[in-house]
Structure formats: C-alpha cells, structure tokens
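Be aware that the sequence shown starts at 4, since it is given in the working numbering, and climbs by one per residue.
Take a look at the structure below.
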Amino acid sequence: ACSGCTSGGDDDVRERAMLRAVFILIIVFSCLSMIGSLFILFCYWNFKSRRYIDHLTAGMGATSLGFGIATCLPPNSSAACKIQAFSIGFFGVSSILWASAIAYVLQRVLLRCDDGFFVQITSAESTALMTKTLVVCLGLPILTALLPVFTGSAGRDDGGWCWVKNSTIIDHVIRLLSGYLWIWASFVFNCVVLVRVLYDADALKRKWGHDASPQDLKLLESITRAKVFPLANVLAYFWPSVNRLCESFGATLLWLELLHFTFASLTGFFNACALAYMMKAKVTRVVQAYSISLQELLLAREGEESDGKMRHERRAANDVEDVAKGANADPGIVVG
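The following block contains the structure:
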C-alpha cells in the first residue's frame, strides 16, 4: 500500500513538472509570436502608402499580439481565468477571421478580372468592405468569447490556459460554438482559396501570354504571394484542431498536446514570416530606412559626444592657461 502511495506521489510530481514545462513552452513561443506581431505593426506604421490589404494585415497582427499576451496571463484566480478565457476566445477567433478576410480579398480581386485583366477596387468599395470586415472580425469574436463566460464553461482542466473546460457534453458544444466551428470553417475556406488562387493565377498567365502590362504582372505576383497568410493560419491551427478532435473522442496524447500549444502559440510568428514573404520589397524598404535612421542617430550621438569631449578638453586647457597667467602675474607665487 505504501509503495502504491509513493508511486502516486511520483506521478503527481511528474505531472506538476510536465505542467510547468508546458507553461514555460507556452511563454517562450508566445513571446516569439508577440515579437512577430509587433514586427507586423511596425512595418504597417512605417508603410508610406497603405492599401486595403495592409489594413487587414495590421488587424491580424494586432489580434495575434493580443492572443500572445492572453496566453501569457497567469490564471491565478477565478476572475483571472475568466479574463484569460475571454481574451483567448476573442483574439484567437478574430486573428483567423482576419486571415480569412485577406483570403476573401484575394478571391474577390481575381474574380473581378475583365477579359483577363484586373479591375481595381474603388475607394468606396474599399470603405464598404472595411466596415463589413470590422463587423465580422471584431463583432463575431466578441459574441463567441462571451459564450463560455456566461454559460459557466470557462476554465481549464488540461493544464493549459483557461478557455473552455473539457468536462461535459455541454462544454464540448460550447467549445465548438465559441471557437472551433469558426476555426474549421475558416480553415476550409482558406484551403479552397489557396487552391483557387494558384489555379486562377496560372490560368491568367497562360491567357495573357506576352500582352500583360507590368502593373498587372506585379499585382498578380502580389496576389500569389499573399496566399501565404491563409496558409500560415492553416499551419497554426492544424495541430490544435487534430488535438481537439482526439479529445472529443476521449483520446489524450502528450505529444499532440505539445504540438497543439506550440503551433497555437506561434501564430504571430507565422504571420510575420508571411508578411516578410508577401511584401518583401516594402518590408525591406522599411527595415533599411529604419537601419539608416538608427545609424544616423548613432552617428549624431557620437558627434555630440565628440564635440562635448573637445569642448571639455578646450575648457580644461583654458583653465590651465588662466592659472599659469595668474601665477606669472603674482610675484608671491613661484612657478617652477
């Protein structure tokens, strides 16, 4: 009996150690994700000209940053757990909806081809689209994030962060309605758009032949590069989706849990990589401009320090010269 008790105690120790390791893993990858999200917002702030898709990218970066912060919150109390559950529910769903909005814009631009050539979206259409995007990408996540809080399903029972408990059938339904229904719908939509973008882009190239204008070719290249944003979110939420499906059937696998927390925590990092690939030229210009500004600032500070040092040395030399003149003028002082 005693040895059984010892074995149970060892299991508890191992479980606590595993939970600490998982929490540290979440913190590390969430910090990396937040750095990536801040990079997205930094580039957006420094873009000289901002297109509609740039606004969508910034929205995704901001919500990915919020998701990273939410995963690092310590759920030390019931109130803190509810705050984390709401934050994770809101920012998690919102970030993937922003990615789907980018996918929708790609599809819309390709569908607006007139005789094989692009028709630009007008300013009025862009404003109307942005209004609808804000309603969907911010309004819907607020409703879904409040659902587990008001139904009493907010909490944690798997050692991860607070979101929706995994104890009863009702909890599974709440998880589906407040998160994974929208994640999987976005997952499928993004995959369909990815396939369509690749197919339509190839069809346009064949149709154009040598008649395409440089502007159309440049826009088509931007569209094909923008496919990496939906792809980044597909990658980020693939393993969490597989893990939640396994949990729904009563199977809990440690390696799947680790993949779940790792990829979900790296959403912002994946998005930053997608931004760097999609807008390589614009991002490179921003980084180079910032590097030049930083170098100029450092050179200016070095110049100020050098001037200050020279003024100090000149002042010290003048003081020594004044002392020497005073000593020579006063016969009571012997200089030698």
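Built from N, CA and C at the ideal position, the CB exists for glycine as well.
Where Ala254 is concerned, there is no enclosing alpha helix (DSSP H), because DSSP gives it neither an H nor an E. DSSP places Val176 inside the alpha helix (DSSP H), whose first and last residues are Ile172 to Arg178.
With contacts defined by Cβ atoms closer than 8 Å, Thr147 and Trp185 form a contacting pair. Comparing alpha-carbon positions, the option among Tyr240, Gly69 and Asp203 lying closest to Ile38 turns out to be Gly69.
Taking all protein chains shown into account, Pro144 has 16 or more neighbouring C-beta atoms within 10 Å of its C-beta and is therefore buried. Between Leu76 and Leu269 a beta carbon distance of about 18 Å is seen, past the 8 Å cut, so the two are scored as non-contacting.
Taking a cut-off of 8 Å for Cβ pairs, the stretch 259-267 and the stretch 57-68 do not touch, as fewer than three such pairs fall below it.
Apart from the 5 residues on each side of it in sequence, Trp242 sits with its Cβ closer than 6 Å to the Cβ of Leu262, His263 and Phe266 in its chain, given in chain order. Boundaries cannot be given for Phe50, as no alpha helix (DSSP H) includes it and DSSP labels it neither H nor E. In the three-state DSSP reduction, Gly69 falls in the helix class (H, G or I).
By the C-beta density criterion, Asn236 is buried, having at least 16 other C-beta atoms within 10 angstroms.
Between Leu278 and Thr134 the beta-carbon gap is near 24 Å, outside 8 Å, which marks them as no contact.
Inclusion of Val96 and Gly182 in the CB contact set at 8 Å is warranted, their separation being smaller than that value. In this model, Glu250 and Pro233 are separated by some 26 Å (Cα to Cα). Between Phe89 and the set Cys276, Phe153, Leu207 and Ala275, the nearest pair of CA atoms involves Phe153.
When DSSP reads this structure, Trp166 sits in a beta bridge with Gly158.
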